Amino acid sequence: MRTTPISAPPVDRTGRWLARLTRWVLAHKRLVAVGWLALTLVGFYGAAKVTDALTENFTMPDSASTVTNERIVSRFDSGGATPPLVAVVTLPPGTTATAPAVRADLRELEQDLARAVPGARIASFGSTSEPAYVSDDGRTTFAIVHPPATAVDGGGPSGNEINEVTLARAEQAAAGARVGGTKVRLTGAALLSREAPGESGGPSFLSETLLAGVGALIVLVFVFASALALVPLLMAIVAIPVTLLAVWGLTALTEVNLVVVFLVSLIGLGVAIDYALLIVMRWREERERGRSNEEAIVQAAGTAGRAVLFSGTTVAIGLLSALVLPVPFLRSMGYGGLLIPLASVAVALTLLPVVLATVGPVADARRLRRTDRAERHWAAWARLVIRHRVAAALGGTAVLVALCIVAQGMLLGSPEARSLGGTGDPKAALEQLDRSGIGAAPLAPVEVLTPANRAADTAARLAAVDGVRAASAPGGAWRADGQAVVEVLTRSDTNSQAGRAAIGALRNAAAKLPATTIGGSTAQTIDFVDGVYGSFPLMLVLISVVTFVLLARAFRSIVLPAKAIAMNLLSVFATWGVMTLVWQHGVGTELLFGTGPNGAVLAWAPVIVFAFLYGLSMDYEVFILARMREEYDRTGSTDEAVVRGMAGTGRLVTSAALIVFLAFASMATSGDADLQVLATGLAAGVLIDALIVRSLLVPATVSWLGRWNWWMPERGRRLLRLPAVIPAAESMNTSSARAPDDKH
Numbered sequence: 171m172r173t174t175p176i177s178a179p180p181v182d183r184t185g186r187w188l189a190r191l192t193r194w195v196l197a198h199k200r201l202v203a204v205g206w207l208a209l210t211l212v213g214f215y216g217a218a219k220v221t222d223a224l225t226e227n228f229t230m231p232d233s234a235s236t237v238t239n240e241r242i243v244s245r246f247d248s249g250g251a252t253p254p255l256v257a258v259v260t261l262p263p264g265t266t267a268t269a270p271a272v273r274a275d276l277r278e279l280e281q282d283l284a285r286a287v288p289g290a291r292i293a294s295f296g297s298t299s300e301p302a303y304v305s306d307d308g309r310t311t312f313a314i315v316h317p318p319a320t321a322v323d324g325g326g327p328s329g330n331e332i333n334e335v336t337l338a339r340a341e342q343a344a345a346g347a348r349v350g351g352t353k354v355r356l357t358g359a360a361l362l363s364r365e366a367p368g369e370s371g372g373p374s375f376l377s378e379t380l381l382a383g384v385g386a387l388i389v390l391v392f393v394f395a396s397a398l399a400l401v402p403l404l405m406a407i408v409a410i411p412v413t414l415l416a417v418w419g420l421t422a423l424t425e426v427n428l429v430v431v432f433l434v435s436l437i438g439l440g441v442a443i444d445y446a447l448l449i450v451m452r453w454r455e456e457r458e459r460g461r462s463n464e465e466a467i468v469q470a471a472g473t474a475g476r477a478v479l480f481s482g483t484t485v486a487i488g489l490l491s492a493l494v495l496p497v498p499f500l501r502s503m504g505y506g507g508l509l510i511p512l513a514s515v516a517v518a519l520t521l522l523p524v525v526l527a528t529v530g531p532v533a534d535a536r537r538l539r540r541t542d543r544a545e546r547h548w549a550a551w552a553r554l555v556i557r558h559r560v561a562a563a564l565g566g567t568a569v570l571v572a573l574c575i576v577a578q579g580m581l582l583g584s585p586e587a588r589s590l591g592g593t594g595d596p597k598a599a600l601e602q603l604d605r606s607g608i609g610a611a612p613l614a615p616v617e618v619l620t621p622a623n624r625a626a627d628t629a630a631r632l633a634a635v636d637g638v639r640a641a642s643a644p645g646g647a648w649r650a651d652g653q654a655v656v657e658v659l660t661r662s663d664t665n666s667q668a669g670r671a672a673i674g675a676l677r678n679a680a681a682k683l684p685a686t687t688i689g690g691s692t693a694q695t696i697d698f699v700d701g702v703y704g705s706f707p708l709m710l711v712l713i714s715v716v717t718f719v720l721l722a723r724a725f726r727s728i729v730l731p732a733k734a735i736a737m738n739l740l741s742v743f744a745t746w747g748v749m750t751l752v753w754q755h756g757v758g759t760e761l762l763f764g765t766g767p768n769g770a771v772l773a774w775a776p777v778i779v780f781a782f783l784y785g786l787s788m789d790y791e792v793f794i795l796a797r798m799r800e801e802y803d804r805t806g807s808t809d810e811a812v813v814r815g816m817a818g819t820g821r822l823v824t825s826a827a828l829i830v831f832l833a834f835a836s837m838a839t840s841g842d843a844d845l846q847v848l849a850t851g852l853a854a855g856v857l858i859d860a861l862i863v864r865s866l867l868v869p870a871t872v873s874w875l876g877r878w879n880w881w882m883p884e885r886g887r888r889l890l891r892l893p894a895v896i897p898a899a900e901s902m903n904t905s906s907a908r909a910p911d912d913k914h
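In terms of the numbering used here, the sequence shown opens at residue 171 and continues consecutively.
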């Protein structure tokens, strides 16, 4: 047994309150246990019901393109934000689309597609005689098919999705058609995405959560080397269904998106285990110091429980900051995400003491091996970092800054058509369009709403815009209620940087035309990016200010919170750099996911990655710095506080990060491309934070700053209502508003 002297009970107000709460819980163990059992059972019922109450709405209402797309769908019952299907044919040498027989075949193809997809809005060279549908050499031509709204499912983060029945009927019609004696191939974003690697089935939050739970159990067994490994997992089993029950109740008040279920399940698994892990390890440490079981629980609650309380509050604020974004589905993720850490904190501070009091000593009685060797390793690592603190701080910062520079080139939006994968006819048809010079623009055209009597003039004017290949103003189903849809085809894929620049030029040109507005899927994505990331600075300021106040009170310092916020921001923006490398530039995408680069990063993923990683990384920051603050109060030495703090929390933070990493990695196995992008960012962010920030930068910078870390001006102390009585070790540098003038 260790001979370390037993430290004094927690002296701060929060610690005393938690100690009183824990003693009350221990005095009413049966009541607390029965209450959580009842909540859990009801929670499992709610978890089974919640998915039916969720929505799949990913749009930003009131944006110019969204309004235009809604008007197009309202008047023409097709198009708007839903990318069309495209039937492509390349004629034999010597034959062109202008041949009467070919035009007749094209009209027959349109009729076949109209029968297969009733109510579709269709156009080709056969019915319009417009060169927009023909390549420059005249040999490659296409028919564009906008299915009716009834053929479109609710959609997903990447846009509305044509249902499988419609896709099968359209494919059958194209397969049976011939134009100029040549085979017709059908393509489109929906077909290419369907055939992409990993798209064999829809996501299932239950399977991914179970997979992550198995990985977490393996890590916990290694950490505890005893049956105690089951305790943190038990806390997650309680916290997740209770949170899902709260989400189900939330759906009665506001719209909640389906993605929230995945985040509650996987983030909840990681966070609930992290909080329990911190308290259980501190409980074990206090028992090894000679405390009775109950006093060890109380002491763990007053110290580690205090860190959990502040961590959970910080994570909740990080997720709640999404409420300032002008997109309902992002706000719903903020609401849903708020519940995750709060439920996990409640479980850790009330149910966990009961479990430790009843079965804790028995579960930890038979260990497979001693676990204190890791503490010695982390202490040795901390001393090494302290000896080379300048090099460690500069080296770690250089890596993060380099990734942040990469993130500056991030292109937010939907994947380019060439990155969607696919095989067979859909891929071959896209390649035909590319070889002919038409390009991928027909797969995501710009839909322009304009007065019907000005349709031809609008098409002619927009065709002359830089970056535009052609514009078409078909008749028939393309005109209704005095309005018309003009189809504009850019020279580049509209989801590429050049294509978006062309859309910007089109908007400028349309603004000079009467009652003419720009729609289409890419225009809606551009408005989404502008709206969300235009509000991002407000989100950044809000989360930084509130976090600073909370951490200043927790650490009794204004330097540590400022440094923590700066490191967290640097860590998250570096994660954006990893997302840019993987999904925009294709670094590792083939190896990890069996697919090529998207050419862009999913528009909504970075802001969600920011909200979650900011909170989670602050978790680890609080775990480490709270212990360093405690050790500094005990010893008065910054370097000694760094060594003891890392020794006490290094293994915990690494294990917690690994558990959360496994949770996010399991999300990437869902087969859903959008969730894979999100999982990549979250998993990479956890690794960057644990390996570079917490293991390297935190000990290096705390040691480098010395007593500056603990400085709190007297005015700040009064504003935060910090206690006047403080530990003696702290009093030598915080009793006045003057900053310390020595380093250690």
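In this text, a Cβ means the ideal position worked out from N, Cα and C, and glycines have one as well.
Predicted model, so just to flag it, every value in this text is computed and none were measured.
- Sixteen is the threshold: since fewer than 16 other Cβ atoms of the shown chains lie within 10 Å of the Cβ of Q578, the residue is exposed.
- Excluding five sequence positions before and after F698, the CB atoms of its chain that fall closer than 6 Å to its own CB belong to M230, A773, given in chain order.
- Here the segment 522-538 makes contact with the segment 444-453; the two share three or more CB pairs at distances below 8 Å.
- Residue E240 holds the alpha-carbon nearest to the alpha-carbon of E617 among A360, E240, A197.
- Taking the CA atoms as reference points, A827 sits about 52 Å from V259.
- In the DSSP assignment, A293 falls within the beta strand (DSSP E) that extends over 291-293.
- Excluding residues up to 5 positions away in sequence, I314, P644 lie with their Cβ nearer than 6 Å to the Cβ of A293 in the same chain.
- A distance below 8 Å between beta-carbons, with the five flanking residues on each side excluded, links A471 to the following residues of its chain, in chain order: L188, A189, L191, T192, I449, L519, P523.
- Beta-bridge pairing by DSSP links F312 to V258.
- Per DSSP, reduced to three states, the secondary structure at A568 is helical.
- A568 and I575 have their alpha carbons spaced roughly 10 Å apart.
- Of the candidates V555, A744, A321, A734, A744 places its Cα closest to the Cα of L857.
- The beta carbons of L822 and L447 sit closer together than 8 Å.
- In this structure, the beta-carbon distance from F246 to A647 falls below 8 Å.
- Inclusion of T413 and V391 in the CB contact set at 8 Å is not warranted, their separation being larger than that value.
- Measuring C-alpha to C-alpha distances from A474 to each of E791, G806, R888 identifies E791 as the nearest.
- Burial state of L207 is exposed, judged by a 10 Å Cβ sphere holding fewer than 16 other Cβ atoms.
- In the DSSP assignment, E617 falls within the unbroken beta strand (DSSP E) covering 616-621.
- Counting only unbroken stretches of 3 or more residues, no beta strand (DSSP E) element lies wholly within the segment 404-440.
- Closest option to M737, judged by alpha-carbon separation, among S825, V868, A685: V868.
- The three-state secondary structure of E657, taken from DSSP, is strand.
- Rounded to the nearest whole angstrom, the C-alpha separation of D636 and K682 is 16 Å.
- Counting other Cβ atoms within 10 Å of its Cβ, W194 stays below 16 and is therefore classed as exposed.
- Taking every protein chain shown into account, the CB of G216 has 16 or more other CB atoms within 10 angstroms, so this residue is buried.
- Cβ-Cβ separation between G690 and A614: approximately 7 Å, consistent with a contact (criterion under 8 Å).
- For the options L570, N678, L600, D534, the alpha carbon positioned closest to that of V401 is the one of D534.
- Your pair S662 and G609 checks out as a contact, with CB atoms roughly 6 Å apart and the cut at 8 Å.
- The distance from the Cβ of S481 to that of L712 is about 19 Å, inconsistent with a contact at the 8 Å cut-off.
- Taking T483 as the centre and dropping the five residues before and after it, the same chain places the C-beta of L720 closer than 7 Å to its C-beta, in chain order.
- Per DSSP, S642 is one residue of the beta strand (DSSP E) stretching across 638-642.
- Taking a C-beta distance under 8 Å as the contact criterion, V408 and L521 qualify as a contact pair.
- Straight-line measurement puts the Cα of N427 at about 45 Å from the Cα of Y802.
- For R799, the enclosing alpha helix (DSSP H) starts and ends at 775-805.
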